Amino acid sequence: MTELPKIELWCHEGRSDKIYCVTVEESGGGYVVNFAYGRRGAALNTGTKTSAPVSHAEAVAIYLKLVESKIAKGYEAVGGSVLARADAGGTVATVPTVATVGTVLAESARIDTGLRPQLLNPIGEAEAEAYLSTPRWCVQEKYDGRRTLVRRTPEGGIVAANRKGQRIALSRAVES
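Note that our numbering gives residue 77 to position 53 of the sequence shown, counting from 1, and the numbers run on in steps of one.
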C-alpha cells in the first residue's frame, strides 16, 4: 500500500509564523482531505475539503490543488512531508519531500520567486518626481498589457514574476 499524501507547510513572511497541514485519510470506504491551520505553537483550526468520502484520485486532486494554492501564497514545505504526484497514465505515487515542493510541483504550480511587486497607487506629478529622483525606485512601462516584474539574476538569467510574485514565462520579444 502506498503512503497517503500529507504535508506540513510553513509561512514565515514578515511577522507571520503560521502552519498549514493537509492530509488524505481513509474514511468510509473512500478518502477525505483534511486540513489544519493556525499560528505555530497555538491550537490549530481544523476542517475538511470533502463533505463525503471520494475516490483516491479525486482526493489526491483536491489535495494537490489545496497545496498548490498555499505554496502560491508563500508557504514552504516542512521537512519529512509527503507530496502526491500523478503520472501521465493517472497512476498516483507519493514522493517524500524535504523543502523542495516547488521543484516537485513545477509542472503544475507557479513557483514563488520571493519578489513582491508594489501595485500601483494613484499619485500626483510632484510625488512622482520625488520617486524618480532617487535610485531606490524605478519605473517599468507596461507594453503588452501584462503586469510583469523582471529581474536579472547574478548568473545573467532573467526571472519574471506576476503580481502575486509567482514565476511566469516571458514572451521572446520582451526577453530579448
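Even glycine gets a Cβ: it sits at the ideal position worked out from N, Cα and C. All values derive from a computational prediction rather than experimental measurement.
Check	Outcome
Per DSSP, the bridge partner or partners of Ile-31	Val-46
Close Cβ partners of Gln-72 (< 6 Å) along its chain, the five nearest in sequence each way excluded	According to the sequence provided, residue 72 is Thr. The question's Gln does not apply to it. If we look at Thr-72 and ignore the five residues flanking it on each side, its Cβ neighbours are Val-56 and Asn-58.
Host alpha helix (DSSP H) of Tyr-99 (start-end)	Segment: none, Tyr-99 is in no alpha helix (DSSP H) and carries neither H nor E.
Limits of the unbroken alpha helix (DSSP H) element including Ala-150	149 to 156
Alpha-carbon to alpha-carbon, Val-78 and Tyr-61	22 Å
Boundaries (first-last residue) of the beta strand (DSSP E) holding Val-183	182 to 185
Other residues of its chain near Glu-37: CB distance less than 8 Å, five sequence neighbours each side excluded	Gly-98
Bridge partner(s) assigned by DSSP for Asp-136	Gln-190
Span separating the alpha-carbon of Val-102 from that of Glu-151	43 Å
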